[in-house]
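Take any residue in the sequence shown, note its place counting from 1, add 16, and you have its number in the numbering used here. Below: one structure, written as structure tokens.
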Amino acid sequence: MGASWIKHFKKEFTLGQCSLKARNPQLFLRSQWGFHPVILCYRIATVIYTLYWLIDSAVRVNSPKWLIYLTIQSYAILTIYFILALVNLICYMVLGRKKSEQNIRAASLEEISSCSPAIPKTEDETPARRLRTESYSTPRALYPSIYIQWFLLNLNCVFAILVTVAFWIFVYKPGRPINPVHINMHGINVLLVLVELFVTAAPIHLIHLIYTSIYYVMYIIFTVIYWAAGGTNLRGKSYIYRSLNYGEHPGQATGYIFLGTCVAIPLLQFLVWNLHLLRRHLYLKCNRKDGEVPHC
């Protein structure tokens with residue numbers, strides 16, 4: 017896997033990888049492990065779960081300031097992602113043409129194969145796909161929402177981990193009571209993202225770091241404007257987070273911003289990208305045999 021990893025890494029830093037226009041949109045509508053009814057049940061369950069806890073949090077706080085926190089924004093994005101993924105899947109099942117399970121599994125190899133030595137080659141050096149007998153199409157009407165789904169997936173994978181780690185290190189005070197909302201938004205959220213990352217067939221690109229970084233910078237700009245306008249947090253303090261106390265500790269706040277922008281976000285994107293490669297490697301190990309793609 018070492019040589020394949022290096023090839024994947026080099027391929028990431030190309031202009032074509034920046035785009036959110038996926039070469040295989042169907043990969044966002046199915047599981048890495050096959051298109052089964054269970055994926056629909058999974059989508060419904062994640063929507064119900066995240067929507068419940070988002071509403072529960074809003075009711076508990078009962079204040080418009082609820083939305084100023086990155087934790088809430090990231091969980092709202094997670095909820096919107098699961099809703100959109102469910103809607104896209106249902107639309108696909110209604111509008112898309114039915115395909116055999118073999119063609120569905122073979123379709124995912126096009127996204128995986130180009131740098132992987134595990135895929136057999138034909139004489140013209142193109143990856144062998146013996147099970148593909150016809151094109152696997154996705155209704156073009158779904159393309160825009162699939163691109164948005166991919167964008168949200170990138171944000172979720174990075175920010176769910178970021179807000180969770182930041183909460184337990186910088187926000188939580190030992191001995192303070194922990195309510196169910198804290199657990200769900202600073203723990204279960206990461207579990208949901210990791211499960212999604214290993215369930216979906218969607219690719220992750222390193223260069224998509226630009227989107228997560230832009231969102232992070234936009235949030236930092238918001239916190240500065242909110243502070244300059246005299247905004248306060250839920251406890252009446254003149255900052256949203258103690259680590260971003262621009263009035264009393266501007267140097268410390270600047271340091272945390274630099275740490276997040278130049279260290280945390282890139283490292284988390286790199287981590288998520290490697291996890292996605294691990295998922296694809298496991299898929300190949302389980303499903304490849306003599307050029308075919310049988311069930312694991």
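The beta-carbon is built from N, C-alpha and C at its ideal position, and this holds for glycine as well. Fair warning: this is a prediction, and the values are worked out from it, not measured in the lab.
Contact check between the region 228–239 and the region 100–114: fewer than three CB pairs, one atom from each, fall below 8 Å, which does not count as touching.
If you check the CB distance, A217 and R46 come in under 8 Å.
Excluding five sequence positions before and after P155, the CB atoms of its chain that fall closer than 8 Å to its own CB belong to C107, Y108, L111, G112, given in chain order. Approximately 33 Å separates the beta-carbon atoms of Y299 and L86; this is outside 8 Å, ruling out the contact. CA-CA distance, I162 to G191, rounds to 43 Å.
Contact check for I93 and L168: beta-carbon distance about 6 Å, within the 8 Å limit, so the pair qualifies. According to the DSSP secondary-structure assignment, T216 is paired through a beta bridge with S47.
S90 sits in a helix when the DSSP states are folded into three classes.
Shortest Cα-Cα distance from L43 to any of G246, L213, L171 involves L213. Excluding five sequence positions before and after I84, the CB atoms of its chain that fall closer than 6 Å to its own CB belong to I256, given in chain order.
Look at the region 203–278 and you find these whole runs of alpha helix (DSSP H), each 4 residues long or longer: 205–215, 225–244, 266–275. Shortest Cα-Cα distance from A101 to any of L260, L283, Y159 involves Y159.
Selection F175, R59, I177, L222 evaluated against T30 yields L222 as nearest (Cα-Cα).
Separation of I194 and V179 (C-alpha to C-alpha, rounded to the nearest whole angstrom) is 16 Å. Here the alpha carbons of W243 and R296 stand approximately 44 Å from one another.
In the displayed model, A182 falls within a helix according to three-state DSSP. Take the alpha-carbon of W184 and the one of I199: they are about 11 Å apart. Excluding the 5 residues flanking it on each side, Q48 has same chain C-beta neighbours closer than 8 Å at S124, F214, V215, T216, A217, R295, R296, Y299, in chain order. Taken atom to atom, the span from the alpha-carbon of L208 to that of G271 is near 30 Å.
Secondary structure of G32 (DSSP, three-state): helix.
The Cβ-Cβ distance between Y97 and Q33 does not fall below 8 Å.
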